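Chemist: Pasting a structure here, questions to come.
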Amino acid sequence: MQRRLAAIMAADVVGYSAMMGRDEQGTLAALRAFRTSDFHPIVTSHGGTVIKSMGDGWLVEFASVVDAVTAAMRLQDTLADQRRDLTLRFGVHIGDITRDGEDIFGDGVNIAARLEALARPGQLLISDPAYGSLDGTLSPAFDDLGETRLKNIARPLRVWARMPAAPVAHTPAQTPSDDGSGYPRLVIQPFSTSDPRPEIAEIAGALTSDIQTYLGQLAWLNARIGESHGPGAYRLQAVLRARGDRLRLEARLFSPDGSEAWTAKFDGDLSDAFDWQDKVGEDIASELIGITLDTETRRLSGLAPRDMTAEQAFLAGMMTWRSYAPEAFYNALVLHRRAIEANPDLI
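Numbering (the numbering used here), first residue to last: 0 to 346.
Have a look at this one:
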């Protein structure tokens, strides 16, 4: 067995399993292109050696912390600048590693991996020993997150964080709120129907109202019924069709940029209209919550906590807590502290 001191960078693709479930071929193609055109060229240009590849993640050894951190920062910025479908997170630590055949282990590997798991999407976390090895040109790029406990690591570790430079698409102006709250907006356009029967029109109206009622309880989303949506709002449209006693609702959600984010069909029967209406309303509201949270997570991933508004920090903290990861509580706490600092009356 060989034991030595090394700088280790751990990196993985955020949401890889979900991406594969949605589009396996597209995800594999994007990952292959990233490895070939960006990951391996950047890593090798800084003297890095891939010591373990897990398909959606890597462990890379570097001779110095400066090389490891510089490579990670370049990868961060390359992904952010080119707005790829892939989002990575990174962890860097310097420590002892031991190689035993094809296996590699030690504090250098364990802590780098724990830091990577703690990182938010797009974020680079480095340990305090790694930060202490940086020169004056790199260290100002990092925020001090204080001490935190990492899973299966006995002592608390001081952690430093860096987010990539946010592209224009990640600016707060993307989802302006017309009521000044700073939270994303969703306009629910009244559900339409071409059926002349009043009971069908009544169901369409009730569904519109039910969904607004479900979503209106959320503090972080401004959901309202209306025709006019303006720039930067999510928009829900639906058409209720009927043939005899058979019902079909076709729903579509549009993102703030105007692209279609989701579409679905819900079939039911007029004889069971009340139960069907309740279930469809709950199902659509649940889908919209998941989609808007995921979209806002990606949008905010390019912002460091210090650059967030109080509302953005609150929303990011809530989304982090929702992940149920072992480190989620700490990350959410950092973000909610930022929210309180920016606006003590918010929470």
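Cβ atoms here follow ideal geometry from the backbone N, Cα and C, with glycine treated the same way.
Being a predicted model, the structure only gives us computed values, none of them experimental.
1) Pick helix, strand or coil for Ala284, following the three-state DSSP scheme.
2) Please go through the same chain and pick out, in chain order, the residues whose beta-carbon is closer than 7 Å to the beta-carbon of Ile224, but skip the five residues on each side of it.
3) Go ahead and label Pro120 buried or exposed: buried means 16 or more other beta carbons lie within 10 angstroms of its beta carbon, across all protein chains shown.
4) Name the residue from Ala309, Thr308 and Leu299 whose alpha carbon lies nearest to the alpha carbon of Thr319.
5) If you follow the alpha helix (DSSP H) that Glu60 is part of, which residue opens it and which one closes it?
6) Could you check how far apart the C-beta atoms of Asp106 and Asp95 are, in whole angstroms? I think they sit under 8 Å.
7) Give a yes or no on whether the C-beta atoms belonging to Arg161 and Leu123 are separated by under 8 Å.
8) Going by CA-CA distance only, name the one from Met307, Thr192 and Asp55 that's closest to Gly14.
9) Classify His169 as buried or exposed, calling it buried when 16 or more other Cβ atoms lie within 10 Å of its own Cβ.
10) With distances taken Cα to Cα, identify the nearest neighbour of Leu252 among His39, Gly280, Ala263 and Arg337.
11) How big is the Cα-Cα spacing for Trp57 and Leu78?
12) Go through its chain and collect everything with a Cβ distance to Gln1's Cβ below 6 Å, but skip five positions before and after it.
13) In the DSSP assignment, find the unbroken beta strand (DSSP E) run with Arg184 in it and report its ends.
14) Mind checking which residues open and close the beta strand (DSSP E) that includes Arg245?
15) Quick check: what's the CA-CA separation for Ser176 versus Asp37?
16) For the alpha helix (DSSP H) that contains Gln211, what are its first and last residues?
17) Per DSSP, what kind of secondary structure is Arg21 in: helix, strand or coil?
18) Whole angstroms are fine: how far does the CA of Met18 sit from the CA of His39?
19) Smallest Cα separation from Ile7: which of Glu60, Ser254, Ala129 and Gly20?
20) Which residue wins for smallest C-alpha separation from Asp11, given the options Gln236, Leu85 and Ala5?
21) For the alpha helix (DSSP H) holding Ile41, just list the boundary residues, first then last.
22) Expressed to the nearest angstrom, what Euclidean distance is found between the alpha-carbon atoms of Lys150 and Ala315?
23) By the 10 Å Cβ neighbour count, where 16 or more other Cβ atoms means buried, how is Met53 classified, buried or exposed?
24) Indicate whether Ile93 and Ala129 have their beta-carbon atoms separated by less than 8 Å.
25) Suppose you measure from the CA of Glu146 to the CA of Leu332; what does that come to, to the nearest Å?
26) Quick one: complete beta strand (DSSP E) runs, 3+ long, within the region 70-116?
27) Rounded to a whole number of angstroms, what is the C-alpha to C-alpha distance between Ala250 and Ser270?
Modeler: On the basis of the coordinates in this document:
1) helix
2) Ile187, Pro189, Thr207 and Gln211
3) buried
4) Leu299
5) That residue, Glu60, is in no alpha helix (DSSP H); its beta strand (DSSP E) goes Gly56 to Phe61.
6) 6 Å
7) yes
8) Asp55
9) At His169 the pLDDT is 35, less than 50, meaning the model places this residue with poor confidence and gives no usable figure here.
10) Ala263
11) 16 Å
12) Arg98
13) Arg184 to Ile187
14) Arg245 to Phe253
15) Confidence is the limiting factor: at Ser176 the pLDDT is only 45, short of 50, which leaves the residue's position unreliable and the question unanswerable from this model.
16) Pro197 to Gly215
17) helix
18) 22 Å
19) Glu60
20) Leu85
21) His39 to Ser44
22) 22 Å
23) exposed
24) yes
25) 13 Å
26) 87-99 and 102-104
27) 21 Å
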